[in-house]
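Asker:
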Amino acid sequence: MRKIVFFLLSVGVLVAGEMAVDSRTGLTWQDNRFVESERVTYAQAEKLCKELRLGKHNDWRIPTIRELLSIIDYKKYDPAILDGFSVDDASYYWSSTQYMGDPDKVWGIDFKDGAADANGKAYDRRIRCVRATTSSDKK
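Each residue of the sequence shown is one higher than the one before, starting from 851 at the first, in the numbering used here.
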């Protein structure tokens, strides 16, 4: 059993039900079919993450641009996401990072190629909520 657990953790991303745990960053990502089934505005994304109840957790939020960049694999294309995610839709995803030049824009990532771009909050984009993995999650 130890060998299997070690191998899974050394890969970086471990799928646990409808969540993906990234041992490198300490983040737990939403990884269920809702991620690829809905396109929402930024306001809707905020509400969805705030109201998300997944894995008995209620502390989900929109990821920052740095957090989204941490799951990009630039050696891959369409989708450019790390191995280990069960939902790997190559679409544009919201981040919570404000675009400095315009308060009505935030940064996001196109998971087709990993490109970052700022878009208006009224656009419909995908959302993959995130939370910090806590020590109680690891028990």
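In this text, a Cβ means the ideal position worked out from N, Cα and C, and glycines have one as well. Note that the coordinates shown come from a computational prediction; the quantities given were computed from them, not determined experimentally.
Under three-state DSSP, which class holds residue 893?
Answerer: helix
Asker: If you draw a straight line from the alpha carbon of residue 858 to that of residue 877, how long is it in whole angstroms?
Answerer: Its pLDDT being 35, under 50, residue 858 is placed unreliably by the model, and the measurement read from it follows with that caveat. Those two C-alpha atoms are separated by around 16 angstroms.
Asker: Does residue 900 come out as helix, strand or coil in the three-state DSSP assignment?
Answerer: helix
Asker: Only counting the same chain, and skipping five residues up and downstream in sequence, which positions put a Cβ closer than 8 angstroms to that of residue 920?
Answerer: 872, 874, 875 and 877
Asker: List the whole-angstrom C-beta distance separating residue 863 from residue 961, where the pair is believed to meet the contact cut-off of C-beta under 8 angstroms.
Answerer: No, residue 863 and residue 961 are not in contact; Cβ-Cβ is about 14 angstroms, not under 8 angstroms.
Asker: Please report the residue range of the beta strand (DSSP E) in which residue 932 lies.
Answerer: That residue, residue 932, is in no beta strand (DSSP E); it is neither H nor E in DSSP.
Asker: For the beta strand (DSSP E) that contains residue 959, what are its first and last residues?
Answerer: 955-960
Asker: Would you report the Cα separation of residue 972 and residue 889, rounded to the nearest angstrom?
Answerer: 11 angstroms
Asker: Run the CB neighbour count on residue 985, radius 10 Å, all protein chains shown included, and call it buried at 16 or more, exposed below.
Answerer: Under the 10 Å beta carbon count, residue 985 is surrounded by fewer than 16 other beta carbons and is classified as exposed.
Asker: Thinking residue 922 and residue 912 are a contact (beta carbons under 8 angstroms), I'd like their distance in whole angstroms, please.
Answerer: That pair is no contact at about 17 angstroms.
Asker: Would DSSP call residue 987 helix, strand or coil?
Answerer: If DSSP states are grouped into helix, strand and coil, residue 987 belongs with the helices.
Asker: Have a look at residue 939 and residue 953 and give me their C-alpha separation to the nearest angstrom.
Answerer: 28 angstroms
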